[in-house]
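Just so we're on the same page, the working numbering is the position in the sequence shown counted from 1, plus 3. Beta carbons are placed, not taken as given, at the ideal position from N, Cα and C, and that holds for glycine. Given the structure is predicted, the values throughout are model-derived calculations rather than measurements.
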Amino acid sequence: MNSELIDLFNWFGHRKGGVKIPFTDRGTPTGKLIKTDLVYAIDAWIQAIKIQDSAAPNKLFFIGGPGNGKTEALDYAIKCIVNEFNFGEEIVENIKSQVNQNKREIIIESGYSRKSFAKIVLVPDASVGELELNRSAAQSMLDDFQDILNPSTIYICCINRGVLQDVISFARDLGDKPALDYFQQLSAYIEGSGEFINNSWPAKIEILDSNYIVGIWPMEVSSLLDDFNTNGNGIQISPFQQITEVALHNEGWKALIDHYKGKQVNSEYCPLVCNYKSLLRNNGENIRKIILEYELIANRRITFREMLSIVVYALLGHEDDFKVEGESRSPGQYIFDILHSMSEKKEVNNYKKVFLLSQLQWEFKFFNTWPDLSMIVKDNEWTSLISKSRTSGHLKACEAFQAIFSTDQEANRRTDTEKTLSHINSLLDPSELHGDEIFEGEFTPAMIDLHLQESVMSLYNYIKDIRAISKIDIDVLNLFVEVELELDSLRSTNKLNNLNKVIERLNILLKKITALYVKRKLGGYYGVTSKSVEIRQFKSEENINSVLGGIHSLLDITQLRKQQPYSFGEIRVGLNSTFGQPSFSTLDIFYTAPVRYKIEVYAPNGEYCKQPLVKSKFLKLTLNSDNGSAKSFVVPFSFLFFRAINDIGRGIRRSTLPRDIVATFDRMKSFIEGIAVHAYDENGRIDFPGGNSIELETLKNYLDRG
């Protein structure tokens, strides 16, 4: 049963979803091309090569870390060349042969003078040296330099920034000035060289009195969770949702539901079916929103490898989750056996099985840390009471509750995917919501807290009919209600003070766990996290007043006046790491942060192409002197910077803020003090995203106050 669903396990990074091998299915577990903005850029490049456009690059560098689609792009590019130029079967077989031999370079002789190229050199992984020649990765890249300079050779290379810097160092040590100049210029395109950098697709490198046209694509610039413009072909849904779409159209889902129907088992009690229906509702939009927020807050991009693993883990889980006594079971059969073994009786084992099934729902794979009751329930009177109840059966729910939440949760996190989700949990846990953020209709975190103040039963009656609450959730909430009833009964009959303290602590923890459970389920289902409101404020142009208050406290300036009309400020930046951080070469600009916006750039060939750059909001502090000159201080306006300014405005101590944020603030104050010494006047101002500005009071007065 579920052979098609079992195939989804191949999407994990340690299986087919791991390393891409050109001209093979390895690394393409979905069985189809996942389209990105780079795919469309390659399509345009192929057509430019075909018409021998002089502005088309014949050297392509895909730059980034592991698992982010470099080799997939190379594989797509060479397959397009093979198809467009009608390469014969002999050449295709030769390519496959070189791949099977694990060659560092795959060399293709086109053999046709009518083509704009005579040879193609592919380097799927430049972090590997030429083993047969005992050459390092950097040495091998320098060995490639003649091919890189050859105008009749197409050269496509997948390289990471570390190897690129090694090549630069090696060329410098050898005194190879042409190679040093070439790779330094290539590096400058991706590292950024100031507030504005040139288009890198295509880009121009100048050495030996010659110009070389190259295509440079930093892989992590575009988030795999963003929709993107296809340059004239409309909007393409994000790679994440393309992958989710493939997973949801797997034939195994219908087979699983039909199997339960044939066995007269309600499939709504199957957590896998719950996951399937939750994601099918909007093609995984809830998960996409959560991971987008994670990218913004964590300063990093999710890679292709991670994305494939997360989709499968959300829908199914890890394959080891479905082992019984070391023997693997299909996911559907494993859950069917559990459901078949359960009765409707209120037994401890049944309660434990219900909670086990609930944790296979994707919302609790993302948010799954729970209070540990193991220390609380070690009280002698409580232990004795539970032991006696096994005969009378009057505390079965409490016994199950104690067993469920007295386990080592960290020991269960085995894979990189689970560790990533643990990080997401620590940053975005919806259980931290307590305000009026709406899940659905009138259901809010504040209302959940309000009902829990009365009782677990009150909350149960309030939410039981919400569509996000599955039948499994209903059973878990019934367990919590039973625990509450048993604790109430004990409270009314017990006369031991020590035991009463344990009962009260358990009652408090019961309500806390119930709140965690409900908020996580609703938050996940609707894509609402603990940071959703703040992120929405960060993206909005209407919440600048809170920022002004923070700057007020930061600079200790007492007279701030808004300046109108407003002007909008943006800055184009390159990236300097796999995690999508803009970089600047000038000392004045030193704090980096992730970015969320893309732009279109006019390319030399007269066509609009997708530019591997981004637009980032920024704060720009400008101070004008008496003689008309001005100096500026620019700080990228990241989410972390926004939060820190808001925190300061609310009176939070600076010492509690991240160290790099505090350093940024100190540099801003030093800038003001340093400029003021040179008699800059009071016409300076701070420009904010959205066009808002504030004027500074006379700097001399500011300094006089100390």
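For the pair proline 334 and lysine 326, the Cα-to-Cα distance works out to about 9 Å. About 6 Å separates the CB atoms of isoleucine 664 and phenylalanine 644; that is less than 8 Å, so the two are in contact. DSSP places threonine 156 in the strand class (E or B) of the three-state scheme.
Here valine 351 is near lysine 399, since their CB atoms are less than 8 Å apart.
In this structure, the CA atom of lysine 99 is about 10 Å from the CA atom of glutamate 93.
Between isoleucine 475 and glutamine 364 the beta-carbon gap is near 7 Å, inside 8 Å, which marks them as a contact. Look at phenylalanine 64 here: in three-state DSSP terms it is strand. Between valine 521 and the set Ile466, Ser533, Ile538 and Lys542, the nearest pair of CA atoms involves Ile466.
Annotated as proximal: serine 533 and leucine 431, with beta-carbon spacing under 8 Å. Methionine 222 has its alpha-carbon roughly 29 Å from the corresponding atom of glutamate 96.
The beta carbon of leucine 183 is closer than 8 Å to those of Ile171, Ala174 and Arg175 in its chain, skipping five residues each way along the sequence.
Residue nearest to valine 505 within the set Leu376, Ser312, Asn481 and Ser270 is Leu376 (criterion: CA-CA distance).
Residue pairing by DSSP places asparagine 214 opposite Glu209 in a beta bridge. For leucine 482, the enclosing alpha helix (DSSP H) covers residues 474-496. Counting C-beta atoms within 10 angstroms of its own C-beta, aspartate 56 has 16 or more neighbours from the protein chains shown and is therefore classed as buried. Residue burial is scored here from C-beta neighbours: aspartate 340 has fewer than 16 other C-beta atoms within 10 angstroms and is therefore classed as exposed. With contacts defined by Cβ atoms closer than 8 Å, phenylalanine 668 and arginine 656 do not form a contacting pair. Between the beta-carbon of asparagine 371 and that of leucine 318 there is about 16 Å, and that puts the pair past the 8 Å contact cut. In the DSSP annotation of this structure, the continuous segment of the alpha helix (DSSP H) that includes isoleucine 300 starts and ends at 288-301.
The three-state reading of DSSP puts glutamate 507 in helix, counting H, G and I together. Counting along the chain, the unbroken beta strand (DSSP E) around leucine 125 starts and ends at 122-126. The count of Cβ pairs closer than 8 Å, one atom from the segment 57-69 and one from the segment 144-160, reaches three, so the stretches are in contact. Taking 8 Å as the cut-off, the beta carbon of phenylalanine 483 is found no closer than this to the beta carbon of threonine 447.
By the 16-neighbour rule on beta-carbons within 10 angstroms, leucine 275 is buried. By the criterion of at least three beta-carbon pairs nearer than 8 Å, the segment 399-408 is not in contact with the segment 306-320. DSSP, reduced to helix, strand and coil, places tryptophan 204 outside both helices and strands of the structure shown, so it counts as coil. By alpha-carbon distance to isoleucine 294, the top candidate from Asp439, Thr306 and Leu283 is Thr306. Counted as a single uninterrupted DSSP element, the alpha helix (DSSP H) harbouring glutamate 309 occupies residues 307-318. Shown here, serine 409 sits in coil according to DSSP, grouped into three states, outside any helix or strand. The continuous alpha helix (DSSP H) containing glutamate 75 extends over residues 73-87.
Spanning the alpha carbons of lysine 368 and leucine 177 requires a straight line of approximately 52 Å. Arginine 304 counts as buried, since at least 16 other C-beta atoms from the protein chains shown sit within 10 angstroms of its C-beta.
Between glycine 255 and leucine 436, the gap from beta carbon to beta carbon reaches 8 Å or more. Taken through DSSP and simplified to helix, strand or coil, cysteine 161 comes out as strand. In the DSSP assignment, glutamate 112 falls outside any alpha helix (DSSP H) and within the unbroken beta strand (DSSP E) covering 109-112. For tryptophan 48, the enclosing alpha helix (DSSP H) covers residues 40-53.
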